[in-house]
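One structure is given below, encoded as structure tokens.
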Amino acid sequence: AQKVTQAQTEISVVEKEDVTLDCVYETRDTTYYLFWYKQPPSGELVFLIRRNSFDEQNEISGRYSWNFQKSTSSFNFTITASQVVDSAVYFCALSGSYQLTFGKGTKLSVIP
Amino acid sequence: DTGVSQNPRHKITKRGQNVTFRCDPISEHNRLYWYRQTLGQGPEFLTYFQNEAQLEKSRLLSDRFSAERPKGSFSTLEIQRTEQGDSAMYLCASSFGEQFFGPGTRLTVL
Chain A
1 AQKVTQAQTE
11 ISVVEKEDVT
21 LDCVYETRDT
31 TYYLFWYKQP
41 PSGELVFLIR
51 RNSFDEQNEI
61 SGRYSWNFQK
71 STSSFNFTIT
81 ASQVVDSAVY
91 FCALSGSYQL
101 TFGKGTKLSV
111 IP
Chain B
1 DTGVSQNPRH
11 KITKRGQNVT
21 FRCDPISEHN
31 RLYWYRQTLG
41 QGPEFLTYFQ
51 NEAQLEKSRL
61 LSDRFSAERP
71 KGSFSTLEIQ
81 RTEQGDSAMY
91 LCASSFGEQF
101 FGPGTRLTVL
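For the record, the sequence lines run as chains A and B.
If you read the first sequence in our numbering, its first letter stands for residue 1, the second for the next number, and so on.
If you read the second sequence in our numbering, its first letter stands for residue 1, the second for the next number, and so on.
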């Protein structure tokens, strides 16, 4: 069975601070994909990134960066210089083939 | 707009009534998924189509739930004899690789 754990239920930061959202996963698959989605107050899930299990290279996209460590089964997400528009619920998800298994999400509040 | 669309966006119904939701995927996507999300939780997988074939159903999908995707285009999710526990956001996603989600249909069963 697949499982995704996001231990941080809620995080509050002051604007311009850096923040890291943790994600730990469990799977027996040797090939799998990891994802991050953002769910703003409007409710629509927004795709942020997909990584496959064979690619442990960290990725940076603007203020967003992702750290994938297979040895610790973690796929953490860092927002640098946070902004109020980053306030949302962030979900980490895992897929072995087609269906996504989501964590419970981390609610990020960025205070101006 | 070329994203995933869902209708209606909100549905309020009385317990015992039947409801049907529609999802229009991104046109070139052959895979379509339904998820359910309750308050404070991540989305949970319900079912998956590749073209018109329904390839997987979660144990969450009781006999009161049925999904179709005729002609491999839009999909419908029907819930018969709704119960208060069915109140949730029903999300549709489509993919050719990563999944893109629609805005969801929020169901409230009174």
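Glycine included, C-beta positions come from ideal geometry on N, C-alpha and C.
- CA-to-CA, the gap between Ile-79(A) and Arg-15(B) works out to about 43 Å.
- Residue burial annotation: Ser-62(B) is exposed, with fewer than 16 other C-beta atoms found within 10 angstroms of its C-beta.
- Against chain A, a Cβ distance below 8 Å from Pro-43(B) picks out Leu-45, Phe-91, Leu-100 and Phe-102.
- Taking a beta-carbon distance threshold of 9 Å, Gly-105(A) counts as an interface residue toward chain B.
- Within the model, the alpha-carbon separation for Lys-104(A) versus Ser-73(B) is close to 30 Å.
- Inside the segment 1-79 of chain B, DSSP marks whole beta strand (DSSP E) runs of 3 or more residues at positions 5-7, 10-13, 19-24, 31-37, 44-50, 53-57, 65-68 and 75-79, from first to last along the chain.
- For Tyr-33(A), the uninterrupted beta strand (DSSP E) segment begins and ends at 33-39.
- When the five nearest sequence neighbours on each side are left out, the beta carbons in the same chain lying within less than 6 Å of the beta carbon of Asn-52(A) are those of Tyr-33, in order along the chain.
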